[in-house]
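Please read the structure below before turning to the comments.
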Amino acid sequence: MNEFTQLVRPLQSQITIDSVAKDCPSEGFNYPTFRQLAKNARLLLSSPLNPQVANSYHRLFAVANSKGWFVSVKSPSSGSGSDSSHCHSELIFSPLDELRAASEAAKPDDETLFNPKRTVTIPTRANIVAFACGETKLLVGLDDGSVVVYDTSSLFTPGTNDIQPLARNQIQSSPLRQILPNPGTEPNLSDLVAVVGDGKVELLNMQLESQGGWVASDLMTQPIAGKLIYGRIL
1 MNEFTQLVRP
11 LQSQITIDSV
21 AKDCPSEGFN
31 YPTFRQLAKN
41 ARLLLSSPLN
51 PQVANSYHRL
61 FAVANSKGWF
71 VSVKSPSSGS
81 GSDSSHCHSE
91 LIFSPLDELR
101 AASEAAKPDD
111 ETLFNPKRTV
121 TIPTRANIVA
131 FACGETKLLV
141 GLDDGSVVVY
151 DTSSLFTPGT
161 NDIQPLARNQ
171 IQSSPLRQIL
181 PNPGTEPNLS
191 DLVAVVGDGK
201 VELLNMQLES
211 QGGWVASDLM
221 TQPIAGKLIY
231 GRIL
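Each residue of the sequence shown is one higher than the one before, counting from 1 in the UniProt record's numbering.
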């Protein structure tokens, strides 16, 4: 299934905006307060990544709360002495409790990199990581416009063995803009993910097979198209 529906902007806006400024009520709001721990200490997960495409979307850290693990994109030069311009990346994985412990133990001016439980090397630079399908799958967007999917049951284990993606799909030739998993639990819907490219949004299942999508008309800007589509699939 690879049919795309064209989106057309309504001739008349269906949103009414009140241009009269109003004071914000002082009651009824509980503003959150934040407290920074170890203000002079930082936990380093990677050396500087220096993205090559300045106008692309980057999401280089993601948390799987229900599994208790996280993933982060790491520069291949981190700790290896290689040139950071190399066109590949590393994905690092560790339990969240170890990340918290390392953060609490971080010392000022200590530039030692975090030691993860697992590292996976991918041959192309990554610009997006996102968990999907109840955090049982990890989707990785690459700078060449493709997306790959991994089984997290293999990633969320300590080890050094090589882990290959379950599938790969070439969406376009430039970096993807967003990868948006469906947070719902409905049958036949929870395994869908919206991949936002240049002027189109494509729905993929966890085998990265196309389930259709939407394409922006000439009158619509690409960011608006992405926002509209994501609202519809949820």
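Every residue, glycine too, gets a C-beta built ideally from N, C-alpha and C. Predicted model only: the values in this text are computed from it and were never measured.
Separation of residue j from residue i, as counted between CA atoms
{"i": "P76", "j": "S89", "result": "5 Å"}
{"i": "T124", "j": "V73", "result": "12 Å"}
{"i": "A216", "j": "T112", "result": "46 Å"}
{"i": "A64", "j": "D143", "result": "23 Å"}
{"i": "S103", "j": "Q207", "result": "36 Å"}
{"i": "I128", "j": "T121", "result": "15 Å"}
{"i": "F114", "j": "T160", "result": "16 Å"}
{"i": "residue 238", "j": "L204", "result": "In this structure the chain extends from 1 to 234, so residue 238 is not present and cannot be described."}
{"i": "S47", "j": "E98", "result": "20 Å"}
{"i": "R9", "j": "I15", "result": "13 Å"}
{"i": "S133", "j": "R59", "result": "Inspection of the sequence shows that residue 133 is occupied by Cys rather than by Ser. Their backbone Cα atoms lie some 18 Å apart in a straight line."}
{"i": "Q211", "j": "G141", "result": "18 Å"}
{"i": "E3", "j": "I179", "result": "19 Å"}
{"i": "T136", "j": "S13", "result": "40 Å"}
{"i": "A101", "j": "D18", "result": "49 Å"}
{"i": "K200", "j": "Y57", "result": "15 Å"}
{"i": "G81", "j": "R118", "result": "The predicted model places G81 with a pLDDT of 43, which falls under 50 and marks its position as unreliable; any figure quoted below should be read in that light. Going from the Cα of G81 to the Cα of R118 covers about 20 Å."}
{"i": "F34", "j": "T5", "result": "44 Å"}
{"i": "N30", "j": "K22", "result": "19 Å"}
{"i": "Q164", "j": "D110", "result": "34 Å"}
{"i": "N188", "j": "L44", "result": "39 Å"}
{"i": "T185", "j": "C24", "result": "37 Å"}
{"i": "S84", "j": "N50", "result": "Summary for S84: the model assigns pLDDT 43, below 50, so the residue's position carries little reliability, and this model does not support an answer."}
{"i": "V20", "j": "C87", "result": "52 Å"}
{"i": "D162", "j": "E27", "result": "56 Å"}
Distance between beta carbons of residue j and residue i, contact taken as under 8 Å
{"i": "F93", "j": "P116", "result": "6 Å"}
{"i": "N182", "j": "S190", "result": "6 Å"}
{"i": "A106", "j": "R42", "result": "6 Å"}
{"i": "I171", "j": "E202", "result": "6 Å"}
{"i": "D151", "j": "L166", "result": "6 Å"}
{"i": "W214", "j": "L7", "result": "5 Å"}
{"i": "A62", "j": "L91", "result": "So it is not a contact: roughly 10 Å between Cβ atoms."}
{"i": "P108", "j": "N40", "result": "4 Å"}
Beta strand (DSSP E) segment containing residue i, residue limits
{"i": "G212", "result": "210 to 216"}
{"i": "residue 264", "result": "As shown, the chain starts at 1 and ends at 234. That puts residue 264 outside it, with no answer to give."}
{"i": "V20", "result": "V20 -> no beta strand (DSSP E), and no H or E assigned at all."}
{"i": "K74", "result": "69 to 74"}
{"i": "F61", "result": "61 to 64"}
Query raised in the report: Are the region 141 to 153 and the region 190 to 208 touching, with three or more C-beta to C-beta distances below 8 Å?
Result: By the Cβ criterion, the region 141 to 153 is in contact with the region 190 to 208, since at least three pairs of Cβ atoms, one from each stretch, lie closer than 8 Å.
Query raised in the report: Taking three-plus beta-carbon pairs below 8 Å as touching, is the region 152 to 164 in contact with the region 64 to 72?
Result: Between the region 152 to 164 and the region 64 to 72 there are three or more C-beta pairs closer than 8 Å, enough to call the two in contact.
**Report entry** Runs of alpha helix (DSSP H) wholly within the UniProt domain "Nucleoporin Nup159/Nup146 N-terminal" (86 to 207) (minimum 4 residues, chain order)
**Finding:** With a minimum length of 4 residues, the continuous alpha helix (DSSP H) runs that stay inside the UniProt domain "Nucleoporin Nup159/Nup146 N-terminal" (86 to 207) are 96 to 105, 152 to 155.
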